[in-house]
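S.K.: Just passing along the structure, written as structure tokens.
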Amino acid sequence: MRAVRQWRLAPVPSITNLNRSHVIDSNVSLDVAILFGDHGSMLAQPYHLYIERADPAKNMARYYAMEIGQTMFGEACLIRRWGRIGQHGQEKQHVFEREEEAVRLFLALVKQKRARGYQPRSTLRYLQG
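Going left to right, the sequence shown walks through residues 1 to 129 as the UniProt record's numbering numbers them.
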């Protein structure tokens, strides 16, 4: 029983010393992200939008949704979804190197959709009811 107890308490080498390479000069393996330019930046603020356009006389019930997110590689990604309300619809993704470019397209699309009569869901239901 004493031998088992000594085996459990035996020192174990640190994992940071086992998998070292010549590129990393510190003991922390997370430094490799800095060396290869992966700065892990986050978006300045979230961008989400859901708007609808409905006209019962034309049997029209459409939705349009947009959001700006981040890809696995840290790039800004504008995701657009649109279609008939209650259906899956379509999706398109735009990838940008900088967040400002994605925001510029986001705002241009919002302006375009508002000009075509799209409104936030709560406003739309209030006006119809």
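Beta carbons are placed, not taken as given, at the ideal position from N, Cα and C, and that holds for glycine. It should be emphasised that the depicted structure is a prediction, and the values quoted were computed from it without experimental measurement.
For I85, count neighbouring C-beta atoms within 10 Å of its own C-beta (all shown protein chains included) and say buried if the count is 16 or more, exposed if not.
M.R.: Here the question's residue 85 lines up with position 85 in the sequence shown. I85 is exposed by the Cβ-count criterion.
S.K.: Any idea what DSSP makes of H43, helix, strand or coil?
M.R.: Looking up residue 43 in the sequence shown gives position 43. Sequence check: residue 43 is Leu here, not His. In this structure, L43 counts as coil in the three-state DSSP scheme.
S.K.: Got a sec? Which residues, its chain only, sit under 8 Å from E67 by beta carbon, not counting five neighbours each side?
M.R.: If you number the sequence shown from 1, residue 67 lands on position 67. The answer, listed in chain order, is P46, Y47, H48, L49, L78 and I79.
S.K.: Could you name the residues of the same chain whose beta carbon sits closer than 8 Å to that of Q119, not counting the 5 residues immediately before and after it, in chain order?
M.R.: As a first step, residue 119 must be located in the sequence shown, where it is residue number 119. The answer, listed in chain order, is I51, E52, R53 and L127.
S.K.: For R62, which of helix, strand or coil comes out of DSSP?
M.R.: Numbered from its first residue, the sequence shown carries residue 62 at position 62. It is a strand residue.
S.K.: Relative to the C-alpha of A65, which residue among Q87, E100 and K58 is closest?
M.R.: The residue you call residue 65 lines up with position 65 of the sequence shown. Among Q87, E100 and K58, the Cα nearest to that of A65 belongs to Q87.
S.K.: Please go through the same chain and pick out, in chain order, the residues whose beta-carbon is closer than 8 Å to the beta-carbon of G83, but skip the five residues on each side of it.
M.R.: The residue given as residue 83 occupies position 83 in the sequence shown. R62, Y63, G89 and Q90.
S.K.: Based on DSSP bridge pairs, tell me the residues matched to R104.
M.R.: Indexing the sequence shown from 1 puts residue 104 at position 104. Its beta-bridge partners do not exist; DSSP assigns none.
S.K.: Starting from F73 and walking both ways along the beta strand (DSSP E), at which residues does that stretch end?
M.R.: Within the sequence shown, numbered from 1, the residue matching residue 73 stands at position 73. Neither: F73 is in no beta strand (DSSP E) and is coded neither H nor E.
S.K.: Which residue marks the beginning of the beta strand (DSSP E) containing H94, and which one marks its end?
M.R.: Along the sequence shown, one-based indexing puts residue 94 at 94. Start and end: Q90 to F96.
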